[in-house]
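**Q** Take this structure first; my questions come after.
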Amino acid sequence: MTVPTRYRAAPATDLIVRALDDITLIYHRPSSQTHMVASPVPEILDALRTTPLTAPLPEREGPGVGSERSEPPAHATQTPAQILTTLSTHFDLGDPATARPVIAAHLEEMVALGLIHRA
Amino acid sequence: MRHSIALTIGPASFRIGSAWPAPIAQLAHLYRAYPTPPEGIADFTVRLEPSKPWRRHIRPSIHITGDHGLADAAPMALAHGLLAAEMGMNLQMALGWRRHLLLHASCVEKDGRALVMTGESGSGKSTLAAQLGERGWRLMGDEFALLDLHSGQIFAFPRLISLKNAAISVMEAEAAPDRFGPLLRATAKGDIRHLSPRADAVARMAEGAMPALLLFPRYGFAPEIRTVGQGEVFMRLTQASTNYTALGEPGFTALTRFVQTVPAHAIDFPSGEDAIALVEQLWAEAR
Numbered sequence: 001m002t003v004p005t006r007y008r009a010a011p012a013t014d015l016i017v018r019a020l021d022d023i024t025l026i027y028h029r030p031s032s033q034t035h036m037v038a039s040p041v042p043e044i045l046d047a048l049r050t051t052p053l054t055a056p057l058p059e060r061e062g063p064g065v066g067s068e069r070s071e072p073p074a075h076a077t078q079t080p081a082q083i084l085t086t087l088s089t090h091f092d093l094g095d096p097a098t099a100r101p102v103i104a105a106h107l108e109e110m111v112a113l114g115l116i117h118r119a
Numbered sequence: 001m002r003h004s005i006a007l008t009i010g011p012a013s014f015r016i017g018s019a020w021p022a023p024i025a026q027l028a029h030l031y032r033a034y035p036t037p038p039e040g041i042a043d044f045t046v047r048l049e050p051s052k053p054w055r056r057h058i059r060p061s062i063h064i065t066g067d068h069g070l071a072d073a074a075p076m077a078l079a080h081g082l083l084a085a086e087m088g089m090n091l092q093m094a095l096g097w098r099r100h101l102l103l104h105a106s107c108v109e110k111d112g113r114a115l116v117m118t119g120e121s122g123s124g125k126s127t128l129a130a131q132l133g134e135r136g137w138r139l140m141g142d143e144f145a146l147l148d149l150h151s152g153q154i155f156a157f158p159r160l161i162s163l164k165n166a167a168i169s170v171m172e173a174e175a176a177p178d179r180f181g182p183l184l185r186a187t188a189k190g191d192i193r194h195l196s197p198r199a200d201a202v203a204r205m206a207e208g209a210m211p212a213l214l215l216f217p218r219y220g221f222a223p224e225i226r227t228v229g230q231g232e233v234f235m236r237l238t239q240a241s242t243n244y245t246a247l248g249e250p251g252f253t254a255l256t257r258f259v260q261t262v263p264a265h266a267i268d269f270p271s272g273e274d275a276i277a278l279v280e281q282l283w284a285e286a287r
């Protein structure tokens, strides 16, 4: 079985996020580019930026607590499955088998924009 | 340059040089109420030159040059020299101005608050601003609105109003004859006639105003008001700005604040009178 790709949010200082009434704007400082994004992109970014996950966990487990790892980097890394788990605690994503490839595609788009990085 | 004039328009200043006297004489007449730049130093230079040296006299045609130029700007007939000078000034602002976020929009002010109107050429935003400017509003500009990056205020750029085709007779009925330039027939945009803003608008051109309402006017349709979502407003304003990308983060911050705080509507109207009624209604609701 292949090791799942892990993702990490760009440093908080790289991004300015402004929620408008219908879409979210993300200004990416390193490229000076403005991105207009809709759900679930802001939610994925939030999940990667705020989840207090500090250690790589086996796939299909929820976000861990009480991890034994030392000081984490600015944002911890997560696998697509972990992100899906985090999102599903706040949002109804429907069938996980359908949602998983959708989230995976969004993650790769966000990598291309520089909003998140592959760990 | 054989003939030249220096002008202050809002926060910007220009020196316009010309190989011919007529465009400068027309500018001097129409911009007679505008101050000259302090110590004669201008932000931008616009030059109206013969497209070929010998064409200053033989079928003269004008080539616009300046600090910022477009390589493929087409030569214009000397009869349209005033238009060439105005286009040259617009071009310098659009390509070179960095002190404000520059929005391609018309703008009027009342009670210290600004109404900004943006739309494509032919939307009616320029004529509407010109009409409001004769009816109790201060005209701040018919082409560019300048959004201050720090205060969020709109600043005026009240250059001559460029009236096109049917708008010419509309405004001839409202403003004194000595405020009009010559009728320029058969330009690339049809007939054009320039109108000087009212003297009080020129005297107050350094005064900013907080934006209170944004409208997307559209001429030629049955009267209708539609609310426009913030995402669409943001997208349309970035498209309407010539320097959003160049300004970077300060531009983003200023524009998002504008979008989040200023109510926005699209308005359709079949006539100027309908448009003014819609504007006054929305303005009263925005208070």
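Heads up: the protein sequence lines correspond to chains A and B, in order.
Under the working numbering, the very last position in the first sequence is 119; numbers go up by exactly one each time.
Under the working numbering, the very last position in the second sequence is 287; numbers go up by exactly one each time.
No residue lacks a Cβ here, since even glycine has one placed at the ideal position from N, Cα and C.
Remember, predicted model here, so these are calculated numbers, not experimental data.
1) Apart from the five residues on each side of it in sequence, which residues of its chain come closer than 8 Å, Cβ to Cβ, to leucine 20 of chain A?
2) What do you get for aspartate 102 of chain A, buried or exposed, if any count of 16 or more other CB atoms within 10 angstroms of its CB means buried?
3) Scan the region 215-240 of chain B for residues whose Cβ lies nearer than 9 Å to a Cβ of chain A and list them as they occur along the chain.
4) CB serine 51 of chain B to CB histidine 63 of chain B, shorter than 8 Å?
5) Quick check on this structure: which residue in A/His90, A/Thr77, A/Gly94, A/Ile44 has the alpha carbon closest to the alpha carbon of alanine 104 of chain A?
6) Can you grab the Cα-Cα spacing for the pair histidine 117 of chain A / glutamate 249 of chain B, in whole Å?
7) Where do the ends of the alpha helix (DSSP H) carrying histidine 106 of chain A lie?
8) Going along chain B in order, which residues have a C-beta closer than 7 Å to the C-beta of tyrosine 7 of chain A?
9) Can you find a CB in chain A that lies within less than 8 Å of the CB of glutamate 249 of chain B?
10) Name, in chain order, the residues that DSSP records as bridge partners for methionine 76 of chain B.
11) Near serine 271 of chain B, which residues of its chain fall below 6 Å by C-beta distance, leaving aside the five closest residues on each side in sequence?
12) Could you check whether the Cβ of phenylalanine 258 of chain B sits closer than 8 Å to any Cβ belonging to chain A?
13) Please report the distance separating the alpha-carbon of glutamate 232 of chain B from that of glutamine 281 of chain B.
14) So that I know if they touch, is there some Cβ in chain B lying closer than 8 Å to that of aspartate 21 of chain A?
15) So what does glycine 17 of chain B bridge to, in DSSP terms?
16) Measuring only between beta-carbons, confirm whether serine 120 of chain A sits less than 8 Å from chain B.
17) So what does DSSP say about phenylalanine 91 of chain A, is it helix, strand or coil?
18) Once DSSP output is grouped into helix, strand and coil, what is the label at alanine 55 of chain A?
19) Please classify serine 151 of chain B: does DSSP put it in a helix, a strand, or coil?
20) Leucine 247 of chain B lies in the alpha helix (DSSP H); which residues open and close that run?
21) Who are the near neighbours of methionine 76 of chain B in its chain, counting only those whose CB is closer than 6 Å to its CB and skipping five residues on each side?
22) Check whether the Cβ atoms of proline 158 of chain B and leucine 139 of chain B sit closer than 8 Å, and answer yes or no.
23) Does the region 116-126 of chain B come close enough to the region 205-220 of chain B to have 3 or more Cβ pairs within less than 8 Å?
24) Note down, in chain order, each residue of its chain lying with its Cβ closer than 8 Å to the Cβ of alanine 167 of chain B, except the 5 sequence neighbours on either side.
25) Starting from methionine 36 of chain A, follow its DSSP beta bridges and name the residues at the other end.
26) Going by DSSP, what residue range makes up the alpha helix (DSSP H) through alanine 286 of chain B?
27) Name the two residues that bound the continuous beta strand (DSSP E) containing lysine 110 of chain B.
28) For a quick check, are the C-beta atoms of leucine 48 of chain A and alanine 99 of chain A less than 8 Å apart?
29) Taking three-plus beta-carbon pairs below 8 Å as touching, is the region 179-197 of chain B in contact with the region 80-94 of chain B?
**A** In terms of the structure at hand:
1) Stepping through the first sequence from its first residue, residue 20 of chain A is reached at position 20. For leucine 20 of chain A, where only same-chain residues beyond five positions count, there are no Cβ hits under 8 Å.
2) Counting from 1 along the first sequence, the entry for residue 102 of chain A is found at position 102. In the sequence as presented, aspartate is not what sits at residue 102 of chain A; that position holds valine. Classification for valine 102 of chain A: exposed.
3) Gly229, Gln230, Gly231, Glu232, Val233, Phe234, Met235, Thr238
4) Taking the second sequence and counting its residues from 1, one reaches residue 51 of chain B at position 51. Taking the second sequence and counting its residues from 1, one reaches residue 63 of chain B at position 63. The answer is yes: Cβ separation under 8 Å.
5) Locating residue 104 of chain A in the first sequence gives position 104, where the first residue counts as 1. Among A/His90, A/Thr77, A/Gly94, A/Ile44, the Cα nearest to that of alanine 104 of chain A belongs to A/Ile44.
6) Indexing the first sequence from 1 puts residue 117 of chain A at position 117. Indexing the second sequence from 1 puts residue 249 of chain B at position 249. Using only the alpha carbons, I get a separation of about 22 Å.
7) Within the first sequence, the letter at position 106 stands for residue 106 of chain A. Here the alpha helix (DSSP H) through histidine 106 of chain A covers 96-113.
8) Locating residue 7 of chain A in the first sequence gives position 7, where the first residue counts as 1. Under the 7 Å cutoff, chain B gives no residues; its nearest Cβ is about 25 Å from tyrosine 7 of chain A.
9) Here the question's residue 249 of chain B lines up with position 249 in the second sequence. Yes, its Cβ sits closer than 8 Å to a Cβ of chain A.
10) Numbered from 1 along the second sequence, position 76 holds the residue referred to as residue 76 of chain B. DSSP lists B/Ile62 as partners of methionine 76 of chain B.
11) Counted from its first residue, the second sequence places residue 271 of chain B at position 271. Here the set comprises nothing.
12) As a working mapping, residue 258 of chain B is identified with position 258 in the second sequence. Closer than 8 Å: no.
13) Counting from 1 along the second sequence, the entry for residue 232 of chain B is found at position 232. Counting from 1 along the second sequence, the entry for residue 281 of chain B is found at position 281. Cα to Cα, the separation comes out at about 23 Å.
14) The residue given as residue 21 of chain A occupies position 21 in the first sequence. Yes - at least one Cβ of chain B is within 8 Å of the one on aspartate 21 of chain A.
15) Along the second sequence, one-based indexing puts residue 17 of chain B at 17. The partner list for glycine 17 of chain B (beta bridge, DSSP) reads B/Ser4, B/Arg47.
16) The question about residue 120 of chain A has no answer here: the residues shown for chain A are numbered 1 through 119.
17) The residue labelled residue 91 of chain A in the question sits at position 91 within the first sequence. If DSSP states are grouped into helix, strand and coil, phenylalanine 91 of chain A belongs with coil.
18) In the first sequence, counting from the first residue as 1, residue 55 of chain A sits at position 55. Confidence is the limiting factor: at alanine 55 of chain A the pLDDT is only 47, short of 50, which leaves the residue's position unreliable, though a coordinate-based value still follows. Residue state, collapsed to three classes: coil.
19) Here residue 151 of chain B refers to the residue found at position 151 of the second sequence. In the structure shown, serine 151 of chain B sits in coil (DSSP, three-state: anything other than H, G, I, E or B).
20) Here residue 247 of chain B refers to the residue found at position 247 when the second sequence is read from its first residue. That run of the alpha helix (DSSP H) goes 244-247.
21) In the second sequence, residue 76 of chain B corresponds to position 76, counting from 1. Cβ neighbours of methionine 76 of chain B beyond the five flanking positions: Ile62, Ala84.
22) The residue you call residue 158 of chain B lines up with position 158 of the second sequence. The residue you call residue 139 of chain B lines up with position 139 of the second sequence. Yes, Cβ-Cβ distance for proline 158 of chain B and leucine 139 of chain B is below 8 Å.
23) yes
24) In the second sequence, counting from the first residue as 1, residue 167 of chain B sits at position 167. Ser126, Thr127, Ala130, listed in sequence order.
25) Taking the first sequence and counting its residues from 1, one reaches residue 36 of chain A at position 36. DSSP lists A/Leu25 as partners of methionine 36 of chain A.
26) Numbered from 1 along the second sequence, position 286 holds the residue referred to as residue 286 of chain B. Here the alpha helix (DSSP H) through alanine 286 of chain B covers 272-286.
27) Within the second sequence, numbered from 1, the residue matching residue 110 of chain B stands at position 110. Start and end: 100-110.
28) Counted from its first residue, the first sequence places residue 48 of chain A at position 48. Counted from its first residue, the first sequence places residue 99 of chain A at position 99. Result no, Cβ atoms of leucine 48 of chain A and alanine 99 of chain A do not sit closer than 8 Å.
29) yes
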